[in-house]
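One structure is given here, and the rest of the page talks about it.
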Amino acid sequence: MIFTHNGISGPAVLDLSSYISSYKPSDISLFIDFLPEISSDKITDVLYEKSNKNLYNRFKGYLPTELIKTILPDIDSDKIFNLKKAQANELVGNLKSYNVEVTGFGNLSEGIVTKGGVDLKKVNPSTLESRIVKGLYFAGEVLDLDANTGGYNLQIAFSTGALSGYSASI
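FYI, the numbering for the sequence shown is 48 to 217, going by this note's numbering.
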């Protein structure tokens, strides 16, 4: 996951956006577990292991400093041993289930892949020729076909381009 100046991005977010883009942002609840490999109880243990440490320094080995400053609750104390139980619970809660408010999606010019296009039921899958207009062939993102990140969409573009080009030439 990548935190940008105007939101979050990266492969996980791009893959997720394919599934949630048809919803209104206000209908989406997004929670991030920043330490999925560590249980809440273990985080609490780690928190109090060396309780004389500065709160930010305690988590430096686990997360980048700027991220720590963003997700940790506003705590006036420099030392962990001064934390109240409610503050410690909030801190652990933020690390395990950080609520991200979804306010919108990137616009088309920022997109990696578009969603939608010609309905695949209207296309012959063996040739990619239109079932409605003879001699009209489709390829790539003009088709209602998209995949997760990782080169799959490029492969779709290459493969459908080759198939429709070959089919149109014979």
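In this text, a Cβ means the ideal position worked out from N, Cα and C, and glycines have one as well.
Alpha helix (DSSP H) segment containing residue 136, residue limits: 132–143
I'd like to know whether the C-beta atoms of residue 62 and residue 154 end up nearer to each other than 8 Å. no
Pull up the CB-CB distance for residue 102 and residue 90, whole angstroms please, since I reckon it's below 8 Å. At roughly 13 Å, the Cβ-Cβ gap does not stay under 8 Å, so residue 102 and residue 90 are not in contact.
Helix, strand or coil: how does DSSP classify residue 177 here? strand
Residue 130 versus residue 53 - alpha carbon distance: 32 Å
When the Cα atoms are used, what is the spatial distance from residue 94 to residue 188? 49 Å
Alpha-carbon spacing of residue 112 relative to residue 104, whole angstroms: 8 Å
Status (buried if at least 16 other CB within 10 Å, exposed otherwise) for residue 200: buried
Simplified DSSP assignment, three categories, for residue 87: helix
Could you pull out every unbroken beta strand (DSSP E) segment of at least 3 residues lying fully inside the stretch 63–87, listed in chain order? 77–79
Looking at the structure shown, is residue 217 part of a helix, part of a strand, or coil, going by DSSP? coil
What residue range is occupied by the uninterrupted alpha helix (DSSP H) comprising residue 51? It is not in any alpha helix (DSSP H) - residue 51 instead sits in the beta strand (DSSP E) that spans 49–51.
Where residue 69 and residue 164 are concerned, what is the direct C-alpha to C-alpha distance, given to the nearest angstrom? 14 Å
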